[in-house]
Amino acid sequence: MDCQYLPLASTGQFSPLFLDYINKKDTLEPFYNRFPELSAFKGQIDEKSFDEGKRRILVDTLDRQYAQITSKPDFSVLLQPNTFTVTTGHQLNIFTGPLYIIYKLITTINLSRQLKEAYPDYNFVPIYWMASEDHDFAEINHFSLFGKNYAWTTEQRGAVGRINPQELKTLFNQIPEKLTLFEDAYLNHNTLADAARYYVNELFGAEGLVCLDADDAALKRIFAPVMQDELIHQRAGELVVKQTELLENLGYKTVITPRDINLFYLDDQLRERIERKEDGTYRVLHTKLRFSESELLALLDEHPERFSPNVVLRPLYQETILPNLTYIGGPSEVPYWLQLKPVFEHFQTTFPILMPRNFAMYVPTVSAKRVRKLGLTPEELFKDTLLLKREFVETHARHTLKFDNENKVVNKALDSILHKAQMVDPTLERAVLAETKRFANAVARLEKKMRRAEEHNQEIGVRQLLAVKNELFPNGGLQERSENFLTFYLNDREFLQKMLSVFDPFDYRMQLCLE
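Here my numbering = 1-based position in the sequence shown + 3.
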């Protein structure tokens, strides 16, 4: 593939906070631990501590979760004290969801490889943290294939990882293509988490990628002291509020808003917030569940799996149960992690290196030929469609489409007419200026007619230009945020390997990949 690159700032698609972070703006240094560059990882390794007991629990959990998978990664390496993880995470979008989720996984895999080359005395395991406890089903229940949207409807509720995916059989009947991998995943497993683990392992298991479902009693027990502190003292929210104010005082818009208690109550078909009442009791919203403090703490001790961290505490949970060095996230995730550093400091947990995922636009063969034929640069592709079309027509026109030189001559004559009219009768000035304005409007109309005529003359080129633009920016948005990887993988089984071969996890630019 021919790869071309564009600064993310030139795409017009990213927030100032994210752009300033990847550009190492000095004012943001207090909000993170180390900047994501290769040399920073040695310091992160030296700082990160992870005891043997946690490693054993982690490996036992993975062995249990992968029990039904025959070909799986070797988890025993995680028992070694010189082994660390690099992690990305996402919700369990059906059929993998938008392309950028695949890009997150590839970035994580490639990062582990580069770290092994740079630090051969250590091992690095890429982790996919499955957001199985998330309950926003509307965010994961749809995907786009060859320009058509498919959606799953269900009456099931609660944590999406616990939902039974066999209802998707009706969706397979609507999809013309035969998707054997996903049929095996969804129709032969009883939970969405098990199904996602299966197909991710089929796609990337050979690359060493490990899927972790943190909706697990043994893992939650490790995190139980933090959850107990949150229930009793509610410190995390106050810390995040103060950090958020500092970011907002610098002029940034922030992403997350903490709660007083940043935990959900989790059970089958249920994930609801826990609130503390003025009388010291606790309730689970939208239910009849009520607890005294002693009752809730007893429940936490007996069933820690019934407590689920929200966006404020989930990152801390991750860093508590993994020997992790870095989190690979998207343009919304990296900014919200910047709000969380004081929480890590309070609980004396090493803050991970925050690393952007790779950003890419894949250009299939037909569109790539058009891009080359039309002579389009990455900068031009990201321009507004109307502006791009206008510039394209003007660039390829045989004759100039503006009356700039003519206007200079006419305006000089009009200035002379105005001067003479003012000498004869000053009240004529308004009439002359009105005629001047009418003339300017007439010229502008003529220029529009000439441009439309030239667009007609260049109809083939303009049509090809718009076809490329529409394919690479579906519905006006970035390809990676809407298209599913199957759109390309079904036509080219080497698609994933090609992206693995061209992604550099330390290159924070938009990558245009032309076949």
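By construction, the Cβ of each residue, glycine as well, lies at the ideal position given by its N, Cα and C atoms.
What three-state label does DSSP hand residue i in the structure shown?
| i | result |
| --- | --- |
| F17 | coil |
| V346 | helix |
| G92 | strand |
| F53 | coil |
| R293 | strand |
| R360 | coil |
| T329 | strand |
| L404 | Since pLDDT at L404 reaches only 47, below the 50 mark, its modelled position is unreliable, and no value is offered. |
| E278 | strand |
| W132 | strand |
| L108 | helix |
| A154 | strand |
| S335 | coil |
| L436 | helix |
| L316 | coil |
| E486 | strand |
| P10 | strand |
| D66 | helix |
| V366 | strand |
| S4 | For the sequence presented, residue 4 should be read as Met rather than Ser. Correct three-state label for M4: coil. |
| S419 | helix |
| S42 | helix |
| N191 | coil |
| F395 | helix |
| H236 | helix |
| V213 | strand |
| P84 | coil |
If I'm right that residue i touches residue j with Cβ under 8 angstroms, what's the distance once you round it to whole angstroms?
| i | j | result |
| --- | --- | --- |
| I225 | I324 | 5 angstroms |
| P359 | Y511 | 5 angstroms |
| L300 | Q231 | 6 angstroms |
| V315 | A239 | 5 angstroms |
| K256 | S18 | 7 angstroms |
| L544 | R309 | Outside the shown range of the chain (4 to 518) lies residue 544, about which nothing can therefore be said. |
| V505 | C6 | 5 angstroms |
| F53 | P326 | 4 angstroms |
| Y106 | A363 | 6 angstroms |
| T352 | E322 | 5 angstroms |
| T284 | R276 | Incorrect: roughly 15 angstroms between the Cβ atoms, too far for contact. |
| Q94 | E142 | 6 angstroms |
| V244 | S335 | That pair is no contact at about 19 angstroms. |
Relative to the C-alpha of residue i, which residue among the options is closest?
| i | options | result |
| --- | --- | --- |
| Q342 | S311, L390, T260 | T260 |
| K344 | F354, D218, E50 | F354 |
| S370 | S295, A470, E296 | A470 |
| P179 | D507, E497, P508, L493 | L493 |
| Y268 | H306, Q16, G480 | H306 |
| A416 | V435, T398, T430, P312 | V435 |
| E462 | K423, V396, V203 | V396 |
| Y339 | A141, T329, L357 | L357 |
| P228 | K28, R373, H349 | H349 |
| A188 | Y201, K181, L182, Q177 | Y201 |
| G332 | N313, L61, E40, T90 | T90 |
How would you label residue i, buried or exposed, when you count the other beta carbons within 10 angstroms and need 16 or more for buried?
| i | result |
| --- | --- |
| E563 | Missing from the structure shown is residue 563; the chain here goes from 4 to 518 and no further. |
| L171 | buried |
| L390 | exposed |
| F149 | exposed |
| A437 | exposed |
| E136 | buried |
| I55 | This sequence places Glu at residue 55; Ile is not what is there. By the neighbour-count rule (16 or more Cβ atoms within 10 Å), E55 is not buried but exposed. |
| H422 | exposed |
| Q246 | buried |
| K376 | exposed |
| Y8 | exposed |
| R59 | exposed |
| Q500 | exposed |
| S297 | exposed |
| I97 | buried |
| D428 | exposed |
| M513 | buried |
| N147 | It should be pointed out that residue 147 corresponds to Ser in this sequence rather than to Asn. Classification for S147: buried. |
| A70 | exposed |
Say yes only if the C-beta of residue i is nearer than 8 angstroms to one or more non-hydrogen atoms of the ligand PLP, and no if none qualify.
| i | result |
| --- | --- |
| Q237 | Absence of the ligand PLP is noted for the structure shown, with no ligands found whatsoever. |
Determine whether the Cβ of residue i lies closer than 9 angstroms to any Cβ atom of chain C.
| i | result |
| --- | --- |
| D387 | No chain C appears in the structure shown, which is made up of a single protein chain. |
| query | Using 8 angstroms as the Cβ pair cut-off and three pairs as the minimum, do the segment 78-86 and the segment 113-131 touch? | reply | Between the segment 78-86 and the segment 113-131 there are three or more inter-stretch CB-CB distances shorter than 8 angstroms, so the stretches are counted as touching.
| said: I want to know whether the segment 481-501 touches the segment 89-104 - three or more CB-CB distances under 8 angstroms. | reply: They touch, by the three-pair rule.
| query | How about the segment 67-77 and the segment 194-210: do they share at least three Cβ pairs that are nearer than 8 angstroms? | reply | Contact annotation: the segment 67-77 touches the segment 194-210, with at least three C-beta pairs closer than 8 angstroms.
| Can at least three beta-carbon pairs, one atom from the segment 153-169 and one from the segment 194-202, be found at a separation below 8 angstroms? | Taking 8 angstroms as the limit for Cβ pairs, the verdict is that the segment 194-202 does touch the segment 153-169.
| request: Flag this pair as touching only if the segment 149-163 and the segment 104-120 have three or more C-beta atom pairs under 8 angstroms; answer yes or no. | output: These segments do not touch.
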